[in-house]
Amino acid sequence: MGALANIIVGILGAFIGGFVFTLIGGSGFTGFNLWSLFVAIIGSVILLTIINLIRK
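To convert a position in the sequence shown, counted from 1, into the numbering used here, add 193.
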């Protein structure tokens, strides 16, 4: 994937991560802190896994 695609995946992953963690009872994902960064990374990993499964 190119740079623009990686940026888009990162942004969408952050939304997905926030949504998933809210579903399991998490809260307080506002602002920029380590917890929000962790949630965004987990969301991006989930999205990248889905994309890689579809591309195969």
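We treat Cβ as the ideally placed atom computed from N, Cα and C, and that holds for glycine. Just so we're clear, the structure is a prediction, and the values are computed from it rather than from any experiment.
Inset, instruction - Measure the C-alpha to C-alpha separation of Gly211 and Leu230 and round it to an integer number of angstroms. - result: On the sequence shown, residue 211 is found 18 positions in, with the first residue counted as 1. On the sequence shown, residue 230 is found 37 positions in, with the first residue counted as 1. About 10 Å.
Inset, instruction - With a threshold of 16 other CB atoms inside 10 Å of the CB of Val238, please say whether the residue is buried or exposed. - result: Along the sequence shown, one-based indexing puts residue 238 at 45. Label assigned to Val238: exposed.
Inset, instruction - Determine, using beta carbons only, whether Ala207 and Ala233 come nearer to each other than 8 Å. - result: Indexing the sequence shown from 1 puts residue 207 at position 14. Indexing the sequence shown from 1 puts residue 233 at position 40. Contact flag set, yes.
Legend entry - C-beta atoms of Ile209 and Gly236 nearer than 8 Å: Sequence index remark: in the sequence shown, residue 209 carries index 16 (1-based). Sequence index remark: in the sequence shown, residue 236 carries index 43 (1-based). A contact, by the Cβ cut-off of 8 Å.
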